[in-house]
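Heads up: take any position in the sequence shown, counting from 1, add 540, and you land on the working numbering. C-beta atoms are modelled at their ideal positions from N, C-alpha and C, and glycine is treated no differently. Keep in mind that this is a model prediction, so the values were computed, not measured. Everything on this sheet refers to the single structure shown next.
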Amino acid sequence: MRPARHAAKLKPFLVMDVLEAAQKLEAAGEHVIHLEIGEPDCDTPECIKEAAVRAIREGKTHYTHSLGLLELREAICEDYATRYGVTVSPDQVIVASGTSPAMLLAFGVLLEPGDGVVISDPAYACYANFIEFVHGRTVRVRVTEDDGFQYRPEMIREKLDERIKAVVINSPANPTGTLLSDKRMQALAELEPAIVSDEIYHGLVYEGRERSILEFTDRAFVLNGFSKLYAMTGWRLGYLIAPRAFVRDIQKVSQNLFICAGSVAQWAGLAALKEAGAEVAAMRRTYDQRRRYLLSRLPGLGLSVKVAPTGAFYVLANASAYTDDSLAFAYELLEKTHVAVTPGVDFGPGAEGFIRFSYANSIENIAEGLDRLERYLAIRGRREA
Ligand SMILES: Cc1ncc(COP(=O)(O)O)c(C=O)c1O
541 MRPARHAAKL KPFLVMDVLE AAQKLEAAGE HVIHLEIGEP DCDTPECIKE AAVRAIREGK
601 THYTHSLGLL ELREAICEDY ATRYGVTVSP DQVIVASGTS PAMLLAFGVL LEPGDGVVIS
661 DPAYACYANF IEFVHGRTVR VRVTEDDGFQ YRPEMIREKL DERIKAVVIN SPANPTGTLL
721 SDKRMQALAE LEPAIVSDEI YHGLVYEGRE RSILEFTDRA FVLNGFSKLY AMTGWRLGYL
781 IAPRAFVRDI QKVSQNLFIC AGSVAQWAGL AALKEAGAEV AAMRRTYDQR RRYLLSRLPG
841 LGLSVKVAPT GAFYVLANAS AYTDDSLAFA YELLEKTHVA VTPGVDFGPG AEGFIRFSYA
901 NSIENIAEGL DRLERYLAIR GRREA
């Protein structure tokens with residue numbers, strides 16, 4: 541007996557390994573500063589929790605429609621209309637237990653075995669694993685720090701062939717926190733393959749504004765969820781907006797694999813969209829303060845950032861003054877300073893030599909973490925040129 545190759549070949553999510561090593565130190569009584577995990581430190585807003593409790597009390601605990609509660613799908617459409625001026629119909633929305641299962645559905649219906657999907661290098665670590673799990677092929681397109689780690693459409697064009705069915709975009713992005721310009725989004729929308737736009741960090745933008753792919757084309761699949769913007773990671777709620785021609789097949793797959801998303805989480809999600817505006821605005825202001833603080837201190841630590849991130853809650857800093865092995869460096873920092881960061885290589889070979897900081901932690905903790913790193917790096921010294 542052995543696990544199937546398509547499962548066994550998946551890469552581990554390295555940030556989870558770093559987190560577990562950090563937790564081991566904590567269990568031994570050490571005080572670890574967590575700057576590795578991409579999870580809001582704030583609690584889910586009260587109005588969302590109350591809606592969930594109400595749903596439980598009122599017995600709204602049964603299976604829902606397989607596409608999701610109509611009320612929630614209508615609210616999602618209203619949100620897209622208000623934020624981006626686009627028209628989405630509730631019958632194009634498939635609610636899922638997180639953005640992650642929505643991603644599985646999107647790639648599952650888009651790809652025949654061997655079909656390609658373009659992702660940036662670096663990109664969110666799980667994209668390639670999802671693509672390969674449904675027997676697709678990942679085509680990485682290198683993006684550079686001078687360019688804010690964003691695609692140059694002409695570099696994608698060079699890679700295209702008839703087997704490439706989709707291009708993934710993520711603006712603002714994990715791990716870089718940067719956004720695609722309107723001009724580049726327009727150029728990507730004009731490419732032959734469908735665009736899969738992961739909009740999970742929408743709403744967490746501190747300068748300028750994010751654009752939905754649906755403002756540029758309707759030949760697109762939108763992934764979005766409640767984990768980040770509403771501090772609802774553990775509730776497991778997300779959705780997919782798909783072109784009409786795909787919805788019935790997505791629905792069939794979803795009915796078979798998942799039946800529906802959790803009913804209580806869905807009622808909570810409805811309250812998030814309708815009632816949590818003030819709490820979200822407060823969280824956004826807090827993240828922005830931390831972002832500015834982190835960016836002001838990193839150069840002093842010998843960690844450079846060429847294009848300042850303006851969204852999500854990440855900074856991908858160049859650590860090449862110290863290392864060309866980001867995984868070893870992350871473990872070294874954890875061991876010597878008890879500060880946990882994510883190795884860049886988790887996000888693709890294009891981020892080797894970089895480390896990702898998450899500022900989903902209090903400003904006091906960020907300050908303490910940076911103080912520790914500053915003291916250690918001053919003693920450790922840089923690598924020889
Ligand atoms: C870019 C990106 N997409 C999707 C996800 C998964 O989110 P969810 O909790 O909705 O499954 C994450 C989580 O870190 C992410 O960073």
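Got a sec: is the Cβ-Cβ distance from residue i to anything in chain B below 7 angstroms?
| i | result |
| --- | --- |
| H675 | In the structure shown, chain B cannot be found, because there is only a single protein chain. |
Can residue i be considered in contact with ligand 1, in the sense that its beta carbon sits closer than 6 angstroms to one or more heavy atoms?
| i | result |
| --- | --- |
| S803 | no |
| Y827 | no |
| G608 | no |
| G884 | no |
| I740 | yes |
| T850 | no |
| Y664 | yes |
| S640 | yes |
| S737 | no |
| G578 | yes |
| G809 | no |
| G778 | yes |
| G765 | yes |
| N714 | yes |
| N710 | yes |
What does the alpha-carbon distance come out to for the pair residue i and residue j?
| i | j | result |
| --- | --- | --- |
| Y746 | F798 | 36 angstroms |
| L835 | A848 | 7 angstroms |
| Q690 | S844 | 17 angstroms |
| R923 | D865 | 12 angstroms |
| L645 | D911 | 44 angstroms |
| I906 | Q829 | 11 angstroms |
| V820 | D619 | 14 angstroms |
| E914 | G840 | 8 angstroms |
| E586 | V593 | 11 angstroms |
| L554 | I577 | 11 angstroms |
| A615 | W775 | 18 angstroms |
| L763 | D581 | 23 angstroms |
| Q726 | F756 | 6 angstroms |
| V708 | P653 | 18 angstroms |
| Y862 | G921 | 7 angstroms |
| P543 | L550 | 11 angstroms |
| E698 | I704 | 12 angstroms |
| E908 | H571 | 11 angstroms |
| E566 | H878 | 9 angstroms |
| S794 | E694 | 35 angstroms |
Applying the criterion that 16 or more other CB atoms from any shown protein chain within 10 Å of the CB defines a buried residue, is residue i buried or exposed?
| i | result |
| --- | --- |
| P883 | buried |
| P783 | exposed |
| I696 | buried |
| E892 | buried |
| M805 | Per the sequence presented here, residue 805 reads as Ala, with Met not at that position. Result: buried. |
| Y827 | buried |
| S711 | buried |
| T850 | buried |
| Q632 | buried |
| R788 | exposed |
| I919 | exposed |
| T584 | buried |
| T604 | buried |
| D738 | buried |
| N796 | exposed |
| G688 | buried |
| E598 | exposed |
| I596 | exposed |
| R613 | buried |
Going by alpha carbons, who is nearest to residue i out of the options?
| i | options | result |
| --- | --- | --- |
| S767 | L913, T639, L910, V793 | T639 |
| L609 | V736, S902, A706, G809 | G809 |
| F897 | G717, W807, P693 | G717 |
| I895 | S902, R703, I919, S860 | S860 |
| E750 | E730, W775, R759, R724 | R724 |
| P889 | A663, G654, S629 | A663 |
| D655 | F670, R677, G648, V635 | R677 |
| T622 | S752, L650, A771, P580 | S752 |
| W807 | E590, N714, L651 | E590 |
| L777 | A642, H742, L728, C666 | A642 |
| R831 | I903, T627, S629 | I903 |
| A773 | H602, I573, S637 | Looking at the sequence itself, residue 773 is Thr, so the reference to Ala does not match. Ranking the options by Cα distance to T773, first place goes to S637. |
| E560 | V885, E875, F887 | E875 |
| D686 | N858, I671, V679, V879 | N858 |
| V855 | N714, A665, G743, C800 | N714 |
| Y624 | A665, D661, F887, L754 | L754 |
| V679 | R692, L700, A665, C666 | L700 |
| A880 | P552, M541, L575, R545 | L575 |
Round the Cβ separation of residue i and residue j to the nearest angstrom and send it over; I've been treating them as touching at under 8 angstroms.
| i | j | result |
| --- | --- | --- |
| F869 | A900 | Their Cβ separation, rounded to whole angstroms, is 21 angstroms, which puts F869 and A900 out of contact at 8 angstroms. |
| P733 | A760 | So it is not a contact: roughly 10 angstroms between Cβ atoms. |
| Y770 | I634 | About 19 angstroms separates the two Cβ atoms, so there is no contact after all. |
| V628 | I781 | 6 angstroms |
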